[in-house]
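Asker: Pasting a structure below so you can have a look.
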Amino acid sequence: MKVYDLTGPIESGMWGYGEPFPTVKIEPIATIEKDGFSSHSFQIHSLAGTYVENGNHLLAETEPIDRVPVERFIKTAWVAQLADKEALEPVSAAELEAAVGEYVKPGDALLVSTGWDKYWNKPGYVENNPFFLPEAMDWVVEKQISILGTDLTHIQDPRDDDGSLLRNLYKNDGLLIAPVINLRNVEGSGPFTLIALPLLIPGVNSTPCRVVLMDS
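This is the structure:
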């Protein structure tokens, strides 16, 4: 069985979304030399690194992510390998259809690779992020994708992100995983088994997660 780890590392001073999110800090609070054991403190937030998110992020009437059954985070998945995207270049419905349209079935997960993860922690990674056109999200919803994962920090154009594309996904019971890394290393389109489990933190709508893709 081949296993792919699609999780970006959480590190002190890493990229972030700006206010109101705090800077990520990972600091030692005990050492073997001084205390006889080693431990660390974490200052992170719900959108640190690679995270999984549900509709409660934007829709107040939606249950928090800890109430979502754990099996919802384990799905048959397909990988759409798109051409490398440049800064602020859109993703179209036609590209998604050409990549995996004949394979995906209602309830499957879809992982979209644009090559943008090569800019992880580099200038412009968040601000110049490529993005989905509304028609691309319409395609995802029409295909009844249960989990959408991408190597993008934003689904919508970061210059004008009013949340409408994510609302479209969430109103149709979709989940989001973002941003993932290493999708370019995945061989083939699938099918794969995707596992992306949120931390069990009551009352929140997103948490960092470890995203693993395995041959089915």
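Under my numbering, read the sequence shown as residues 34 to 249, first letter to last. Built from N, CA and C at the ideal position, the CB exists for glycine as well.
1. Which of the three DSSP states is assigned to residue 164 in this structure?
2. Roughly how many whole angstroms lie between the Cα atoms of residue 114 and residue 68?
3. Kindly indicate which three-state DSSP category residue 243 falls into: helix, strand or coil?
4. Helix, strand or coil: which one does DSSP assign to residue 73?
5. State buried or exposed for residue 37, treating a residue as buried only when at least 16 other CB atoms are found within 10 Å of its CB.
6. Tell me where the beta strand (DSSP E) around residue 65 begins and ends.
7. Under 8 Å: do the stretch 207–218 and the stretch 176–183 share three or more Cβ pairs, one atom per stretch?
8. Measuring alpha carbon to alpha carbon, tell me which residue in 232, 248, 236 and 61 is nearest residue 106.
9. Going by alpha carbons, who is nearest to residue 154 out of 35, 34 and 41?
10. Tell me which same chain residues have a C-beta within less than 6 Å of the C-beta of residue 156, skipping the five on either side of it?
11. For residue 35, collect the residues of the same chain with a Cβ closer than 8 Å to its Cβ; drop the 5 residues on either side in sequence, then sort them by chain order.
12. Which word fits residue 158, buried or exposed, when buried means at least 16 other C-beta atoms lie within 10 angstroms of its C-beta?
13. Would you say the stretch 117–129 touches the stretch 93–109, given that touching needs at least three Cβ pairs under 8 Å?
14. Looking at C-alpha atoms only, which residue of 171, 57 and 222 is the closest neighbour of residue 74?
15. In this structure, how does DSSP classify residue 142 when only helix, strand and coil are distinguished?
16. Starting from the C-beta of residue 101, find all residues in its chain whose C-beta is less than 7 Å away, skip the five residues before and the five after it, and write them out in chain order.
17. Quick check for students: name the residue ranges of the alpha helix (DSSP H) that lie wholly in the stretch 170–248, counting only runs of 4 or more.
Answerer: Looking at the coordinates:
1. On the sequence shown, position 131 is the one that residue 164 refers to. DSSP places residue 164 in strand when its eight states are reduced to three.
2. Counting from one through the sequence shown, the residue named residue 114 turns up at place 81. Counting from one through the sequence shown, the residue named residue 68 turns up at place 35. Going from the Cα of residue 114 to the Cα of residue 68 covers about 49 Å.
3. Mapped onto the sequence shown, residue 243 falls at position 210. Reduced to three states, the DSSP call for residue 243 is strand.
4. Position 40 of the sequence shown, counted from the start, is the residue given in the question as residue 73. Three-state result, residue 73: strand.
5. As a working mapping, residue 37 is identified with position 4 in the sequence shown. Buried is the call here.
6. Taking the first residue of the sequence shown as position 1, residue 65 is located at position 32. Here residue 65 belongs to no beta strand (DSSP E); instead the alpha helix (DSSP H) covers 65–68.
7. yes
8. Sequence index remark: in the sequence shown, residue 106 carries index 73 (1-based). Taking only the C-alpha atoms, the option nearest residue 106 is 232.
9. Start at 1 with the first residue of the sequence shown, and residue 154 comes out as number 121. The option with the nearest alpha carbon to residue 154 is 41.
10. For the purposes of this step, residue 156 is identified with residue 123 of the sequence shown, where counting begins at 1. Cβ neighbours of residue 156 beyond the five flanking positions: none.
11. One-based indexing of the sequence shown puts residue 35 at position 2. Excluding residues within five positions, the ones whose Cβ falls inside 8 Å are 220, 247 and 248.
12. Your numbering for residue 158 matches position 125 in the sequence shown. With 16 or more Cβ atoms within 10 Å of its Cβ, residue 158 is classed as buried.
13. no
14. Translated into the one-based positions of the sequence shown, residue 74 becomes position 41. Residue 57 is the option with its Cα nearest to residue 74.
15. The sequence position of residue 142 within the sequence shown is 109, counting from 1. DSSP places residue 142 in strand when its eight states are reduced to three.
16. One-based indexing of the sequence shown puts residue 101 at position 68. Answer for residue 101: 87, listed in chain order.
17. 197–204
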